[in-house]
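Colleague:
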Amino acid sequence: SSKKVELMVLETAAPYCPAERVTNNKGDFRWPRTLAGITAYYTCARYPFGSVPYYGDHRQRKAWRKCDRSGRWEEGNYTECAYANEVTRVLHAFSQIPVNATNALAFAHQLMTYTGAAANFADMMDVIFVARMIQIPVNA
């Protein structure tokens, strides 16, 4: 049986991006010191959905961030991660449900329940998700 070993030779002055902590509406991310030119990955936190059923797949979701060739962090991509705030997660889940004549009344009741406590909205996305849900499609 043979084994493969890969070696990477680095200059002693090779540039790195520094370790950095980023906190946003998707969670708390502690990016490690990373060699320039490399993309770092960070496993997203798994938040419980409370009363909202989880319909997604079960793969490990990850955020990623590239360390550019000069050793500076580029903007991260957190799109695969769930929102950290439960209200935002619930509103996001509701915004993904297609509304039709069969479920419109039940959907409106659920939406009213969550938007009745709008004082608990802590994220700008809460307002955006509600605005998307209450848009009325106009048929020409």
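Residues 38 to 177, numbered by the working numbering, are exactly what the sequence shown covers, in order.
Ideal placement from N, C-alpha and C gives every residue a C-beta, glycine not left out.
Model, not experiment: these values are computed from the prediction.
Going by Cα to Cα distance, which pick from Asn-62, Asp-105, Glu-111 and Phe-166 is closest to Leu-72?
Modeller: Taking the first residue of the sequence shown as position 1, residue 72 is located at position 35. It is Asp-105.
Colleague: Which residue wins for smallest C-alpha separation from Gly-113, given the options Ala-119, Arg-102, Asn-122 and Ala-121?
Modeller: The count along the sequence shown starts at 1 and reaches residue 113 at position 76. The candidate whose alpha carbon is nearest that of Gly-113 is Arg-102.
Colleague: Just the Cα atoms here: how many angstroms apart are Asn-137 and Arg-169?
Modeller: Counting from 1 along the sequence shown, the entry for residue 137 is found at position 100. Counting from 1 along the sequence shown, the entry for residue 169 is found at position 132. The alpha-carbon atoms of Asn-137 and Arg-169 are separated by roughly 15 Å.
Colleague: Roughly how many angstroms separate the alpha carbons of Phe-131 and Arg-83, rounded to a whole number?
Modeller: Your numbering for residue 131 matches position 94 in the sequence shown. Your numbering for residue 83 matches position 46 in the sequence shown. Each residue's Cα considered, the two are about 18 Å apart.
Colleague: Among the candidates Ala-51, Phe-66 and Pro-52, whose CA atom is the shortest distance from the CA of Arg-58?
Modeller: Numbered from its first residue, the sequence shown carries residue 58 at position 21. Answer by Cα proximity: Phe-66.
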